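The block underneath contains the structure these notes are about, expressed in structure tokens.
In our numbering, the protein residues as written are 1 to 340.
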């Protein structure tokens, strides 16, 4: 029994590493770049940590942006002493991902203010500093979210769609507006409007695994659209935005195929070989999470990646089941085949 489990685990590892290695090598072909110096904030987060690893693997020099008073050799204290900001003059691209988690605590007025300030005020301060440099970084990639569209039912949402009017939409709108000093200074600014980022190492998928294994089903009515994207495509799309100089402004970081929540639950259950039987009622979600339930779980956001597709980005994952099977180790590649 033990040898069978070990074989299945090894074959899943071969399949995953084979696919990632093939896709990463293709990225080197698609985006040939001389080594660059890239500064990244939020490097301890799910996206930021993975991005730093990938950039280093691709041969780039990564500087982490910290909130300390003084940086060290491989970091920049962007909100610390003024001389620290001068380090950005040797930087080729800035990727700003930092911000207080929106799913960490119930949204009290104090927490909502912290969420806003960590994004809007910190970003504005960073952009004002970049704008004042003698030699400015050519591009700033700044995080945003598809929450900017609000709850929009079945409407298909592109980067030109109007903003919503709830808390997350207001914060995301102010977040993007806070980059105006950088734009005015001639820096190319890209707003990465993240959908639901899928990775078993963290984020939404990690939180969904236990309920799904216990045969959990849809959230609320299940009719709400979820715009998802694999973590590998988030990283690939950031590289795309750095490399392609024609990309600027808002960019939807979502797969081409959004899916309704009830179907997402069914696909996840199929991959885990569990039926999605037990729904989470709307009233229970609101009782447990308050306003957060409406904005994060029950809102319908049917966003599509028009900008990425028009500028030639090739998605690694466009089918949710294929994505989940790969991420959760359900694909198999025999060791003899993987080493040929």
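Note that the Cβ used here is the ideal one computed from N, Cα and C, for glycine as well. Remember, it's a predicted structure, so these values are computed and weren't measured experimentally.
Answer with buried or exposed for residue i, where buried requires no fewer than 16 other C-beta atoms within 10 angstroms of its C-beta.
i: residue 224; result: buried
i: residue 88; result: buried
i: residue 194; result: buried
i: residue 145; result: buried
i: residue 246; result: exposed
i: residue 259; result: buried
i: residue 283; result: exposed
i: residue 103; result: exposed
Could you pull out every residue in the same chain whose Cβ sits closer than 8 Å to the Cβ of residue i, ignoring the five residues on either side in sequence?
i: residue 167; result: 107, 112, 291 and 295
i: residue 46; result: 197, 199, 201, 202, 203 and 231
i: residue 70; result: 77, 80, 81 and 84
i: residue 257; result: 318, 319 and 320
Measuring straight from C-alpha to C-alpha, what distance separates residue i and residue j?
i: residue 299; j: residue 150; result: 7 Å
i: residue 98; j: residue 119; result: 7 Å
i: residue 109; j: residue 268; result: 34 Å
i: residue 22; j: residue 278; result: 39 Å
i: residue 67; j: residue 270; result: 43 Å
i: residue 54; j: residue 235; result: 8 Å
i: residue 297; j: residue 51; result: 26 Å
i: residue 329; j: residue 323; result: 10 Å
Excluding five sequence neighbours on each side, which residues of the same chain lie with their C-beta closer than 6 Å to the C-beta of residue i?
i: residue 121; result: none
i: residue 244; result: 311
i: residue 65; result: 39, 41, 76 and 78
i: residue 261; result: 218, 219, 222, 224 and 226
i: residue 180; result: none
i: residue 280; result: 219
i: residue 331; result: 15 and 325
i: residue 129; result: 85
Starting from residue i, trace the beta strand (DSSP E) both ways and give me its first and last residue.
i: residue 115; result: Taken as a continuous stretch (DSSP letters only), residue 115 belongs to no beta strand (DSSP E), being part of the alpha helix (DSSP H) at 109-131.
i: residue 96; result: 93-96
i: residue 253; result: 249-253
i: residue 326; result: Here residue 326 belongs to no beta strand (DSSP E); instead the alpha helix (DSSP H) covers 320-327.
i: residue 39; result: 37-41
i: residue 296; result: Note, residue 296: premise wrong, no beta strand (DSSP E); not H, not E.
i: residue 140; result: 139-145
For residue i, collect the residues of the same chain with a Cβ closer than 7 Å to its Cβ; drop the 5 residues on either side in sequence, then sort them by chain order.
i: residue 312; result: none
With residue i as the anchor, note down where its alpha helix (DSSP H) starts and where it stops.
i: residue 14; result: 2-30
i: residue 284; result: 282-289
i: residue 267; result: 261-272
i: residue 237; result: 231-243
Does the beta carbon of residue i fall short of 8 Å from some heavy atom of the ligand FMN?
i: residue 315; result: Ligands displayed in this structure: none; no statement on the ligand FMN is therefore possible.
Handout entry: Continuous beta strand (DSSP E) assignments of at least 3 residues falling wholly in the region 53-83
Key = Within the region 53-83, complete beta strand (DSSP E) segments of at least 3 residues are found at 61-66 and 75-77, given in chain order.
Problem - Secondary structure, alpha helix (DSSP H): runs of 4+ residues fully inside the region 167-217 - result: Look at the region 167-217 and you find these whole runs of alpha helix (DSSP H), each 4 residues long or longer: 167-177, 180-184 and 203-213.
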